[in-house]
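Heads up: the sequence shown at position 113 corresponds to 114 in the working numbering, and the numbers run straight through without jumps.
Virtual Cβ for every residue (Gly too), placed ideally from N, Cα, C.
Right, one structure below, let's go through it.
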Amino acid sequence: MQTAHEPMYEGRRTRWLGVLGLLLAVPIWAAAGPAEPAASDAQSPRVSPATVVKPNDIVPPRVVPPCKPGACPFAGKTVTLLLPHSVIAVSAPELKEEFEAATGATLKIVEVRPIDLFETFYSDATKGAGKYDAFLASAWWLGELVAGDHLVSYDKYYQDPRFPAWNVNDVLPAPKALLSYGARKYMVANDHDGQVMYYRRDLLADPQHRQEFQRKYGHALDVPRTWAQFRDIAEYFNGRDLNGDRVPDHGFTLALKAGYQGMFHFMSLSAAFVIGPTNPKLYWFDPQGMKPLVESPGHVRALEVLVDLVQFGPREMLNWDSGKSWDHFLSGRAALTFSWGDLGALAQQEGSQVKGKVGVAHLPGVAEYFSVAQGRWVKSDPPNWVGNTTGGSWAGVISKYSKSPEATYYLLALMATMEKSKVYAARGWDGIDPGRRFHFLPPDGNAKIGDYLKAGWNEADVRDYLHAYFVNFSNPLQLPYLRIPGTYSYLQAFNQHLAAAVSGQVSPDAALRATAVDFEEITLRVGRDAQRRAYRIALGLP
Numbered sequence: 002m003q004t005a006h007e008p009m010y011e012g013r014r015t016r017w018l019g020v021l022g023l024l025l026a027v028p029i030w031a032a033a034g035p036a037e038p039a040a041s042d043a044q045s046p047r048v049s050p051a052t053v054v055k056p057n058d059i060v061p062p063r064v065v066p067p068c069k070p071g072a073c074p075f076a077g078k079t080v081t082l083l084l085p086h087s088v089i090a091v092s093a094p095e096l097k098e099e100f101e102a103a104t105g106a107t108l109k110i111v112e113v114r115p116i117d118l119f120e121t122f123y124s125d126a127t128k129g130a131g132k133y134d135a136f137l138a139s140a141w142w143l144g145e146l147v148a149g150d151h152l153v154s155y156d157k158y159y160q161d162p163r164f165p166a167w168n169v170n171d172v173l174p175a176p177k178a179l180l181s182y183g184a185r186k187y188m189v190a191n192d193h194d195g196q197v198m199y200y201r202r203d204l205l206a207d208p209q210h211r212q213e214f215q216r217k218y219g220h221a222l223d224v225p226r227t228w229a230q231f232r233d234i235a236e237y238f239n240g241r242d243l244n245g246d247r248v249p250d251h252g253f254t255l256a257l258k259a260g261y262q263g264m265f266h267f268m269s270l271s272a273a274f275v276i277g278p279t280n281p282k283l284y285w286f287d288p289q290g291m292k293p294l295v296e297s298p299g300h301v302r303a304l305e306v307l308v309d310l311v312q313f314g315p316r317e318m319l320n321w322d323s324g325k326s327w328d329h330f331l332s333g334r335a336a337l338t339f340s341w342g343d344l345g346a347l348a349q350q351e352g353s354q355v356k357g358k359v360g361v362a363h364l365p366g367v368a369e370y371f372s373v374a375q376g377r378w379v380k381s382d383p384p385n386w387v388g389n390t391t392g393g394s395w396a397g398v399i400s401k402y403s404k405s406p407e408a409t410y411y412l413l414a415l416m417a418t419m420e421k422s423k424v425y426a427a428r429g430w431d432g433i434d435p436g437r438r439f440h441f442l443p444p445d446g447n448a449k450i451g452d453y454l455k456a457g458w459n460e461a462d463v464r465d466y467l468h469a470y471f472v473n474f475s476n477p478l479q480l481p482y483l484r485i486p487g488t489y490s491y492l493q494a495f496n497q498h499l500a501a502a503v504s505g506q507v508s509p510d511a512a513l514r515a516t517a518v519d520f521e522e523i524t525l526r527v528g529r530d531a532q533r534r535a536y537r538i539a540l541g542l543p
């Protein structure tokens, strides 16, 4: 997932941040120039954004043997890999010794603050300097980088026996779609982000709670299938002692700090209110003319739901990043949340108060959604629910200006191998979430439960967790992923207006109308025709 303890890259100062400046037709990534990059080694410290748990020390196995002297395929080559200084990058330094022994090449790792990551690479690429052969990228940057002709597709390397083998078809349909752009493969599979619902299984199974809840709400206390049921459960548990410390706890927790990840949570929640069988793609823009769609009645109702849920969480969560919200849940102080896969894995670590109690399911749905295509509300029975790939889905991409593109692909392919990926997903704290068939237990996939138990997982927890992700990523209805030039600009505008709504400063309707105005301004400055072409490619439209 996206680095949780760092803000979204803050962007050049823009009107919707309340500071002087014009929105440029290039990405707006950093308020100041990037910090001086620093060389790193495998011992560079990185910490989990959650602080109440202690990560395990599982190490992935070696996959490739050392090359024979005089027969090393990339002897004398150097690969410089740019990484964010965060847990999502921990797997790359682990490969250094193995990669160098197998290839004869030298791996140089450069780390920068997450806030500086994109601008550091983008600045190097636009100059054609080739200082960095690759970097660990977020999927929403792909449109920007491909449109600028800054990346090398690895299509010609993918099935070449000189490189470590991995199978792109192991990736489930939704995350697999993020690896390519315009029918060419650019991102080498690594992290597979999406958001699911977490709930306290023990609380929902408690006979006393079940009896009292049924009497109060007129329906069973069960895993919520709709956001209305989710609200009832959040309300019921809010103010009760949920962890036995005699302190009132909360029905719900979420990270809603302005400038961080709040818009991602809204996107995941709102998908079911807008996307449906009669409207599978129209969420962000009308692909004919790039008219913003984010002020539709479905979006408005979804934001009203999110604003309403805020009352059942700690008021402080309006200033929380994901790590703080995760800590609240891991401490047993909330009954419900929805977030990335990191939380399910962190719940299994030493210090977690909820291990063995964490139920996981796909996000709730709705009894009716607003079809933008038809301009009307459409009833749905069973509830309409929509999958998502919300987040970064961090993966390596190769610079067009790399001086060693083949050696660079070797490194990224090594990281993508099944043997490595199984361990990354099982240990969890490294930010690499499951998304490939060998991550999932039968009948969803071919993983072995013993591998997860050895990594410290509770069996009931991991079965719920993996099945929830399998169902989420296999759903044919998916929240359309925004990855066009200026994506960050759109997301940051979205973020600021949503933060104003959840904090009660403006109404949901006003917040989304203001978002649409900013979206239109960004589109005009970047270029409507160019954006229309890029958006249609991103959606897979002709």
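Exercise. Would you report the Cα separation of L257 and G392, rounded to the nearest angstrom?
Worked result: For this step, residue 257 is matched to residue 256 along the sequence shown. For this step, residue 392 is matched to residue 391 along the sequence shown. It is roughly 15 Å from the alpha-carbon of L257 to the alpha-carbon of G392.
Exercise. What is the rounded straight-line gap between the Cα of L540 and the Cα of G352?
Worked result: Taking the sequence shown and counting its residues from 1, the one referred to as residue 540 is at position 539. Taking the sequence shown and counting its residues from 1, the one referred to as residue 352 is at position 351. L540 and G352: Cα-Cα distance of roughly 43 Å.
For this session: Assign G277 to one of two classes, buried (16 or more other C-beta atoms within 10 Å of its C-beta) or exposed (fewer than that).
Result: Within the sequence shown, the letter at position 276 stands for residue 277. Label assigned to G277: buried.
Exercise. According to DSSP, is D382 helix, strand or coil?
Worked result: Taking the first residue of the sequence shown as position 1, residue 382 is located at position 381. D382 falls in the strand class under three-state DSSP.
For this session: Kindly indicate which residue of L513, L492, H251 and V275 has the alpha-carbon position closest to the one of K380.
Result: Mapped onto the sequence shown, residue 380 falls at position 379. Checked all of L513, L492, H251 and V275; the closest Cα to K380 is V275.
Problem set entry | Span of the beta strand (DSSP E), counted from its first residue to its last, around L331 | Here residue 331 corresponds to residue number 330 of the sequence shown, with the count starting at 1. Per DSSP, L331 belongs to no beta strand (DSSP E); it is in the alpha helix (DSSP H), S323 to L331.
Exercise. Are the beta-carbon atoms of N389 and V367 separated by less than 8 Å?
Worked result: By one-based count along the sequence shown, residue 389 stands at place 388. By one-based count along the sequence shown, residue 367 stands at place 366. No, they are not a contact pair.
Problem set entry | Neighbourhood of D194 by C-beta, 7 Å cutoff - its chain only, sequence neighbours within 5 removed | For the purposes of this step, residue 194 is taken as the residue at position 193 of the sequence shown. These residues qualify, in order along the chain: M2, W341, T390, T391, G392, G393, S394 and D434.
Problem set entry | Assumed close pair H86, V113 - CB separation to whole angstroms, cut-off 8 Å | Counted from its first residue, the sequence shown places residue 86 at position 85. Counted from its first residue, the sequence shown places residue 113 at position 112. That belief holds up - the Cβ atoms of H86 and V113 are roughly 7 Å apart, short of 8 Å.
Exercise. To the nearest angstrom, how far is it from the Cα of E161 to the Cα of L331?
Worked result: One-based indexing of the sequence shown puts residue 161 at position 160. One-based indexing of the sequence shown puts residue 331 at position 330. One point to set straight first is that residue 161 is Asp, not Glu, in the sequence displayed. Using only the alpha carbons, I get a separation of about 44 Å.
Exercise. DSSP state of D42, grouped into three classes?
Worked result: Counting from one through the sequence shown, the residue named residue 42 turns up at place 41. Legend: pLDDT at D42 = 41, less than 50; position of this residue unreliable, no value from coordinates given.
Problem set entry | Buried or exposed (CB count within 10 angstroms, at least 16 for buried), K177 | Here residue 177 corresponds to residue number 176 of the sequence shown, with the count starting at 1. Its Cβ being crowded by 16 or more others within 10 Å, K177 is buried.
Exercise. So, is the C-beta of Y182 closer than 8 Å to a C-beta in chain C?
Worked result: No chain C appears in this structure, which consists of one protein chain only.
Problem set entry | Distance between A229 and A414 (C-alpha atoms, nearest Å) | Numbered from 1 along the sequence shown, position 413 holds the residue referred to as residue 414. Numbered from 1 along the sequence shown, position 228 holds the residue referred to as residue 229. Looking at the two C-alpha atoms, the distance is approximately 44 Å.
Exercise. Within 10 angstroms of its Cβ, does G345 collect 16 or more other Cβ (buried), or is it exposed?
Worked result: In the sequence shown, the residue the question calls residue 345 occupies position 344. It is buried - the Cβ of G345 has at least 16 other Cβ atoms within 10 Å.
Exercise. What do you get for T338, buried or exposed, if any count of 16 or more other CB atoms within 10 angstroms of its CB means buried?
Worked result: Here residue 338 refers to the residue found at position 337 when the sequence shown is read from its first residue. Buried, by the Cβ-count rule.
Exercise. Shortest alpha-carbon distance to A396 belongs to which of K404, G436 and G451?
Worked result: Position 395 of the sequence shown holds residue 396. That would be G436, whose Cα lies nearest to the Cα of A396.
Exercise. By a C-beta neighbour count over all protein chains shown, 10 Å radius and 16 as the cutoff for buried, is V387 buried or exposed?
Worked result: What you label residue 387 is simply residue 386 of the sequence shown in a count that begins at 1. Per the 10 Å Cβ criterion, buried.
Exercise. For Q479, is the classification buried or exposed, using 16 other Cβ atoms within 10 angstroms of its Cβ as the cut-off for buried?
Worked result: Against the sequence shown, residue 479 aligns to sequence position 478. With 16 or more Cβ atoms within 10 Å of its Cβ, Q479 is classed as buried.
Exercise. Going by other Cβ atoms of all chains shown within 10 Å of its Cβ, with 16 needed for buried, is V60 buried or exposed?
Worked result: On the sequence shown, residue 60 is found 59 positions in, with the first residue counted as 1. V60 comes out exposed.
For this session: Given a cut-off of 8 Å, decide if A135 and V398 are closer than it, judged by their beta-carbon atoms.
Result: By one-based count along the sequence shown, residue 398 stands at place 397. By one-based count along the sequence shown, residue 135 stands at place 134. Yes; because the gap between Cβ atoms is below 8 Å, this pair is in contact.
For this session: Determine the closest residue to H251 out of R226, N239, G245 and N244, with distance taken between C-alpha atoms.
Result: As a first step, residue 251 is located in the sequence shown; it is residue number 250 there, counting from the start. Minimum Cα distance to H251 is reached at N239.
Exercise. Taking C-alpha atoms, which residue in R211, R428 and N459 lies nearest to Q58?
Worked result: Residue numbering aside, residue 58 sits at position 57 when the sequence shown is read from its first letter. Inspection of the sequence shows that residue 58 is occupied by Asp rather than by Gln. The candidate whose alpha carbon is nearest that of D58 is R428.
For this session: For the alpha helix (DSSP H) containing R211, list its first residue and its last residue.
Result: For the purposes of this step, residue 211 is taken as the residue at position 210 of the sequence shown. Looking at the DSSP string, the run of the alpha helix (DSSP H) that includes R211 is P208 to Y218.
For this session: Determine the extent of the beta strand (DSSP E) in which R201 is found, giving its start and end residues.
Result: Counted from its first residue, the sequence shown places residue 201 at position 200. Per DSSP, R201 belongs to the beta strand (DSSP E) from V197 to R201.
Exercise. Any idea what DSSP makes of A461, helix, strand or coil?
Worked result: Along the sequence shown, one-based indexing puts residue 461 at 460. It is helical.
Exercise. Looking at the unbroken beta strand (DSSP E) that takes in V398, where does it start and where does it end?
Worked result: On the sequence shown, position 397 is the one that residue 398 refers to. Unbroken beta strand (DSSP E) run through V398: A396 to S400.
Exercise. When the Cα of A426 is compared with those of A448, A272 and P208, which residue comes out closest?
Worked result: Counted from its first residue, the sequence shown places residue 426 at position 425. Looking at the Cα atoms, A448 is the closest of the given residues.
Exercise. Taking Cβ positions, are G129 and Y402 nearer each other than 8 Å?
Worked result: The residue you call residue 129 lines up with position 128 of the sequence shown. The residue you call residue 402 lines up with position 401 of the sequence shown. Yes, these two residues count as a Cβ contact at 8 Å.
For this session: Kindly indicate which three-state DSSP category P85 falls into: helix, strand or coil?
Result: Locating residue 85 in the sequence shown gives position 84, where the first residue counts as 1. Here P85 sits in strand by DSSP.
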